[in-house]
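Q:
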Amino acid sequence: MRALLLALALFCAWPQDAGEYVLVKKGSNEYHRPGCEAVRDTSNVVAMTRGDAESRGMKPHAACDPSKAQGDKSAAKTPDVFVAPGDKRYHRESCAKLGKPRQRLALDEAGRKYWPCPVCKPPIRKRGA
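Be aware that the sequence shown starts at 11, since it is given in my numbering, and climbs by one per residue.
(1) Does the stretch 110 to 129 touch the stretch 86 to 98, meaning 3 or more C-beta pairs lie closer than 8 Å?
(2) Report the rounded CA-to-CA distance for residue 51 versus residue 75, giving the unit in angstroms.
(3) By the three-class DSSP mapping on this structure, what secondary structure does residue 106 have?
(4) Using beta-carbon positions only, say whether residue 91 and residue 122 come within less than 9 Å of one another.
(5) Alpha helix (DSSP H) containing residue 116: first to last residue?
(6) At which residues does the beta strand (DSSP E) containing residue 62 begin and terminate?
(7) In the DSSP output, what is residue 70 paired with across the bridge?
(8) How about residue 46 and residue 73: are their beta carbons less than 9 Å apart?
(9) I think residue 71 touches residue 40, with their Cβ atoms under 8 Å apart; what is that distance to the nearest whole Å?
(10) Can you tell me which of the three DSSP states residue 120 falls into?
(11) Buried or exposed for residue 89, please, with buried defined as at least 16 other CB atoms from any protein chain shown within 10 angstroms of its CB.
(12) What is the rounded straight-line gap between the Cα of residue 105 and the Cα of residue 117?
(13) I'd like to know whether the C-beta atoms of residue 56 and residue 35 end up nearer to each other than 9 Å.
Rendered as structure tokens:
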């Protein structure tokens with residue numbers, strides 16, 4: 011009975027999001043959520059569970075920590091991306107593959123009609139957005 015109570019106590023104390031996958035840059039003491047600009051280049055990045063990262067003493071990156079996110083999601087501005095006539099991909103403004111005549115679009119709109127550029131790796135629209 012004592013072992014059952016101990017197991018139940020440990021289970022209840024275990025963070026529910028501990029199995030969430032996060033990204034860690036080698037040599038850093040912070041973990042990032044997928045999509046964070048800090049790990050966009052994907053070089054020297056390792057994936058692990060949030061529980062593993064926290065057990066190694068890592069802290070969440072402030073810019074992608076959901077507990078520090080502002081409560082009003084309607085006020086959050088979606089990023090703008092760019093498209094060129096005849097192109098099937100959307101880009102960051104500084105992308106070398108983006109043609110000169112360009113059009114600015116909200117990410118939500120561009121993500122429905124175009125694919126993200128594999129060169130500049132623009133942000134990706136969240137599903138259901």
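Heads up, the beta-carbon is just placed ideally off N, CA and C, and yes, glycines get one too.
This structure is a prediction, so every number in the text was calculated from the model and none was measured.
A: So, from the data block:
(1) In short, these stretches touch, since the Cβ pair count reaches three.
(2) Spanning the alpha carbons of residue 51 and residue 75 requires a straight line of approximately 19 Å.
(3) DSSP places residue 106 in coil when its eight states are reduced to three.
(4) No; because the gap between Cβ atoms is not below 9 Å, this pair is not in contact.
(5) Annotation: residue 116 is outside any alpha helix (DSSP H); the continuous beta strand (DSSP E) that includes it extends over 113 to 116.
(6) Segment 60 to 65 is the alpha helix (DSSP H) holding residue 62; no beta strand (DSSP E) there.
(7) In the DSSP output, where bridge partners are listed per residue, residue 70 has 41.
(8) In this structure, residue 73 lies closer than 9 Å to residue 46 by Cβ.
(9) Rounded, the Cβ-Cβ distance is 5 Å, consistent with contact.
(10) Three-state DSSP puts residue 120 in a helix.
(11) Result: exposed.
(12) Looking at the backbone, the Cα of residue 105 and that of residue 117 are separated by about 16 Å.
(13) Yes.
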